[in-house]
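Heads up: the sequence shown begins at 50 in this note's numbering, then just goes up one per residue. Taking it in order: structure first as structure tokens, then the write-up.
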Amino acid sequence: MNREQTQHIPVMLDAVMEYLRPTPGGHYIDGTLGGGGHTSELLRLSAPDGCVLGIDTDSRAQERVKARLREEIAQGRLVLSHGNFADMERLAREANFTGVEGILLDLGFSSDQMDDPQRGFAFSADGPLDMRLNQDLAINATDIVNSASEEELADIFWRYGEERRSRLIARRIVREREKQAITHTGQLASIAAAGVPYKHGAIHPATRVFQALRIAVNQELERLEAVLPQMLALLQAGGKQGRLAIISFHSLEDRIVKAFLKREATDCICPPRMPVCVCGHKASLRILTSKPVFPTEQEIASNPRARSARLRAAQVLTE
Ligand SMILES: C[S@@+](CC[C@H](N)C(=O)[O-])C[C@H]1O[C@@H](n2cnc3c(N)ncnc32)[C@H](O)[C@@H]1O
50 MNREQTQHIP VMLDAVMEYL RPTPGGHYID GTLGGGGHTS ELLRLSAPDG CVLGIDTDSR
110 AQERVKARLR EEIAQGRLVL SHGNFADMER LAREANFTGV EGILLDLGFS SDQMDDPQRG
170 FAFSADGPLD MRLNQDLAIN ATDIVNSASE EELADIFWRY GEERRSRLIA RRIVREREKQ
230 AITHTGQLAS IAAAGVPYKH GAIHPATRVF QALRIAVNQE LERLEAVLPQ MLALLQAGGK
290 QGRLAIISFH SLEDRIVKAF LKREATDCIC PPRMPVCVCG HKASLRILTS KPVFPTEQEI
350 ASNPRARSAR LRAAQVLTE
């Protein structure tokens, strides 16, 4: 594949733009640049002078977008930032995006990462068991699989994969790694799937174990928890009733997003037993999606990777 090309098809593109409503001259942050699909649309809809800050923790995603959107970069309309969205306020400040009108998170990993066996996200093709979104991270999936205790592994599979066979799989891993180190995706996939019948087209029995390890390696839930208040602060600083849109791909992420939006869209958050409000909390957001928005059947048919996506959006309230 040519290094300028991306295989990633942006998920729920129209719905995201309907909620973010980019306008000419607006400033936007794409916290998960990936293949640049959503960023390109933000740039198109905010032309001629709208600006986007595109953040990604994966330097290869940056390189790919840098080559493809060089004109927008030269015009100063697209600024790329290599970093973690958990540091969004700092990255935005460094790029002079102090207040913005819209922020997008399209969580997880891209098709470019998934389809590269060397990155270790997929079990369909064998490759090193890596799973780091940011290749500068010190610990990868091989390290965890070969050094965590049986209890720790079971806990990872249960908490981050909601895997019912977590203990059994952890036990098998420990037994297997005593014979030889587990260093490849194919090895892990066959351990995780052993004894479970797999019908072609169904979810692969190793899916939850892979998801859990990826979340653990990249500390995905902690990063998500960290970015949400920063998104709110950046939109408030923009002073224009800015909007946020978040696409998640599993219930653990969605639960965090839903709880944050609910809390920030509520005035008093005192426990129900309190006779009067003592928290003084004031709603700062209006939820735009009372329920999560799902991709259409048509989108899922043309892009099966969209099937578990769900979108939530909210708008900042001004005083
Ligand atoms: C689903 S893809 C985004 C695809 C993009 N919206 C597009 O249309 O091409 C997710 C991207 O977010 C990046 N990412 C995931 N977690 C991140 C984090 N905590 N900080 C920065 N980037 C992150 C991944 O490296 C990946 O490139």
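We put the CB at the ideal spot given by N, CA and C, even for glycine. Just so you know, these numbers come straight off a predicted model, no measurement behind them.
CB of residue i to nearest heavy atom of ligand 1: below 7 Å?
i: Pro-272; result: The displayed chain sequence assigns Arg, not Pro, to residue 272. Correct: Arg-272 has its Cβ closer than 7 Å to ligand 1.
i: Gln-162; result: yes
i: Asp-107; result: yes
i: Ala-64; result: no
i: Ala-171; result: no
i: Pro-59; result: yes
i: Asp-155; result: yes
i: Ile-104; result: yes
i: His-76; result: no
With DSSP as the reference, label residue i as helix, strand or coil.
i: Met-50; result: Any answer about Met-50 is weak, because its pLDDT of 45 lies below 50 and its placement is not dependable; what the coordinates show is given next. Met-50: coil per DSSP, three-state reduction.
i: Arg-359; result: strand
i: Asp-204; result: helix
i: Leu-8; result: The displayed coordinates of the chain run from 50 to 368. Any statement about residue 8 would go beyond what the structure contains.
i: Asp-105; result: strand
i: His-87; result: helix
i: Val-114; result: helix
In the DSSP assignment, what residue or residues form a beta bridge with residue i?
i: Gln-364; result: Arg-292 and Arg-335
i: Cys-100; result: His-76
i: Pro-177; result: His-233
Among the options, which has the Cα closest to the Cα of residue i?
i: Arg-272; options: Leu-154, Ser-130 and Ala-96; result: Leu-154
i: Leu-82; options: Arg-354, Val-128 and Asn-267; result: Val-128
i: Glu-37; options: Ala-241, Pro-341, Glu-112 and Leu-337; result: For residue 37 there is no data in the structure shown, the boundaries of the chain being 50 and 368.
i: Val-35; options: Val-365, Glu-346 and Leu-337; result: Since the first and last residues shown for the chain are 50 and 368, residue 35 lies out of range.
i: Tyr-68; options: Thr-315, Ala-314, Glu-348 and Arg-335; result: Arg-335
i: Ala-308; options: Arg-214, Leu-277, Ile-122 and Glu-348; result: Leu-277
i: Arg-292; options: Glu-269, Gly-84 and Arg-361; result: Arg-361
i: Pro-73; options: Arg-126, Met-61, Ala-282 and His-57; result: Arg-126
i: Gln-260; options: Leu-140, Asp-175, Val-114 and Arg-181; result: Arg-181
i: Phe-372; options: Asp-185, Ile-104, Asp-179 and Gly-84; result: Only positions 50 to 368 of the chain appear in this structure, which leaves residue 372 out of reach.
i: Ser-160; options: Ile-152, Phe-170 and Gly-151; result: Phe-170
By a C-beta neighbour count over all protein chains shown, 10 Å radius and 16 as the cutoff for buried, is residue i buried or exposed?
i: Pro-344; result: buried
i: Met-323; result: exposed
i: Ala-350; result: exposed
i: Thr-367; result: exposed
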